[in-house]
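In my numbering, the protein residues as written are 2 to 312. Working notes, structure below.
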C-alpha cells in the first residue's frame with residue numbers, strides 16, 4: 002500500500018514538474034519596434050481636481066518571440082498629472098515588462114489635473130525604451146478651472162441672491178441647483194455650464210434666468226462628460242426646470258444632451274439664436290407657458306423637439 006501511495010505521489014510530482022517546465026518561458030530583448038493602438042491619448046477637457054475617465058492604449062508585440070520591454074515610464078515621473086496602469090499594475094516607471102509573441106498588453110491612462118488658469122494644457126509622454134530605440138505615446142488634455150455647485154444633505158445648493166456667472170471658470174453642477182424666488186442669475190458670454198448625471202437646475206417662482214451669449218461666444222449647457230462621443234448621446238443630465246411665474250431670456254446658447262431641455266410651467270420665455278438638441282424626451286416641454294422664439298434650431302429629441310400643452 003505504501004508503495005502504491007509513493008508511486009502515485011511520484012507520478013503527480015512528475016506531472017507538476019513537466020507543467021512547470023512548459024511555463025518556463027525565456028524572454029528576449031526586442032529586435033523590432035513596438036506598435037500601438039494610438040500614438041496620442043487625448044483626454045479631452047477635464048476639470049480642476051476632478052479625475053478623468055480611464056483611457057486605454059494597447060501595446061503590440063509583432064515579433065515571433067517573447068520579449069521583455071526594458072522600461073516603460075512617464076516622462077515627468079512622479080510629478081506627472083497623469084496616472085498609468087501597465088498590465089494591471091499602477092505606477093509611473095516599469096522595468097522588464099514581459100510581452101508574449103504576437104500578443105498585446107493594456108496601458109490605462111487617467112488624469113487628475115490642477116488648473117493654473119481658466120484654461121491650461123496638460124501634457125506628458127509614455128516612453129518605451131528598448132535596444133531598437135525610444136518610442137512614445139503622447140498624453141494631452143485641456144484643463145479647465147471650475148467652480149462647483151454640489152447638493153448634499155447639509156447643502157441645499159440654492160442661489161439666494163442675484164449672481165453673475167462669467168467664463169473665467171467652468172460651472173459644474175452636482176444634484177439640482179436652485180435659483181431662489183425673485184433671484185436673478187445672469188450667465189455671461191462664453192460660460193460653460195456642465196451638469197453631472199441626474200443633475201439639473203430649478204428656477205423658482207419670480208426668479209429670472211438670463212443666458213447672455215454672443216455670436217462669437219455662445220453659452221454652453223451640457224452634461225459633464227466632455228468626450229466627443231457624448232456630444233450625440235442624450236440623458237446625461239436632467240433638465241432646466243422653470244417653475245410657475247419664472248422668466249427665461251436666452252440668447253446665443255447651446256443646450257444639449259439631457260432628458261428634457263427646458264421644462265416650463267406657466268413660464269415666460271424669450272429664446273433667440275440658439276441650438277437645442279439631443280434630448281431623451283423633449284427639447285422644450287411647456288405647460289401653459291408663453292414662448293417667443295426666433296432663429297432657433299432644434300433636433301434629435303426622442304419624443305418631440307417641442308411639446309406645448311395647455312398653451
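All C-beta atoms, glycine included, are put in the ideal place defined by N, C-alpha and C.
Can you list, in chain order, the residues of its chain whose CB lies under 7 Å from that of residue 225, leaving out five sequence neighbours each side?
-> 173, 195, 196 and 197
Option nearest residue 126 by Cα separation, candidates 120, 138 and 133 | 138
Spatial neighbours of residue 86 in its chain, beta-carbon cut-off 6 Å, leaving aside the 5 residues before and after | 109
Classify residue 286 as buried or exposed, calling it buried when 16 or more other Cβ atoms lie within 10 Å of its own Cβ.
-> buried
Go through its chain and collect everything with a Cβ distance to residue 65's Cβ below 6 Å, but skip five positions before and after it.
-> 102
Spatial neighbours of residue 120 within its chain, please: CB distance less than 6 Å, with the 5 preceding and 5 following residues excluded, ordered by chain position.
-> Scanning its chain for C-beta atoms nearer than 6 Å, with the 5 sequence neighbours on each side dropped, one finds around residue 120 the residues 145, in chain order.
Beta-carbon separation of residue 280 and residue 311 under 7 Å?
-> no
Using 10 angstroms around the beta-carbon of residue 50, count the other beta-carbons present and answer buried if the total reaches 16, otherwise exposed.
-> exposed
Length-filtered (4 minimum) alpha helix (DSSP H) runs lying within the segment 89 to 150 = none
Using a Cβ-Cβ cut-off of 7 Å (strictly less than) and excluding sequence neighbours within five positions of residue 246, which residues of its own chain qualify?
-> Non-local C-beta neighbours of residue 246 in its own chain, meaning closer than 7 Å and more than five positions away in sequence, comprise 206, 207 and 267, ordered along the chain.
Residues of its chain near residue 201, where Cβ-Cβ distance is below 8 Å and the 5 sequence neighbours each way are ignored = 174, 177, 178, 238, 239, 240, 241, 242 and 259
Please determine, among 160, 143 and 141, the residue with the shortest C-alpha to C-alpha distance to residue 150.
-> 160
How many Å lie between residue 142 and residue 291 at the Cα?
-> 43 Å
What is the rounded straight-line gap between the Cα of residue 210 and the Cα of residue 186?
-> The C-alpha of residue 186 is placed about 5 Å away from the C-alpha of residue 210.
Please go through the same chain and pick out, in chain order, the residues whose beta-carbon is closer than 6 Å to the beta-carbon of residue 69, but skip the five residues on each side of it.
-> 28, 97 and 99
Apart from the five residues on each side of it in sequence, which residues of its chain come closer than 7 Å, Cβ to Cβ, to residue 76?
-> Taken in chain order, the residues that qualify are 125, 126 and 128.
Is residue 276 near residue 298, with beta carbons less than 7 Å apart?
-> yes
What three-state label does DSSP hand residue 283 in the structure shown?
-> strand
Limits of the beta strand (DSSP E) - the one that residue 257 falls within | 254 to 257
Would you report the Cα separation of residue 204 and residue 180, rounded to the nearest angstrom?
-> 5 Å
In terms of residues, what are the limits of the beta strand (DSSP E) holding residue 226?
-> Residue 226 -> no beta strand (DSSP E), and no H or E assigned at all.
Quick one: which unbroken beta strand (DSSP E) runs of 3-plus residues sit fully inside the segment 48 to 79? Chain order, please.
-> Here the runs fully enclosed are 56 to 61 and 68 to 75.
Coarse secondary structure for residue 233, derived from DSSP in three states | helix
Do residue 294 and residue 272 have their C-beta atoms within less than 7 Å of each other?
-> yes
Alpha carbon to alpha carbon, what distance is there between residue 63 and residue 36?
-> Distance between the alpha carbons of residue 36 and residue 63: 8 Å.
From residue 235 to residue 263, what distance separates their C-alpha atoms?
-> 14 Å
Straight-line gap, residue 130 to residue 115 (C-alpha atoms, nearest Å) | Here the C-alpha atom of residue 130 lies approximately 29 Å from the C-alpha atom of residue 115.
For residue 67, which residues from the same chain have a beta carbon less than 6 Å from its beta carbon, with the 5 sequence-adjacent residues on both sides left out?
-> 26, 28, 101 and 102
Candidates 152, 228 and 166: closest to residue 199 by CA position | For residue 199, the nearest C-alpha among the options comes from 152.
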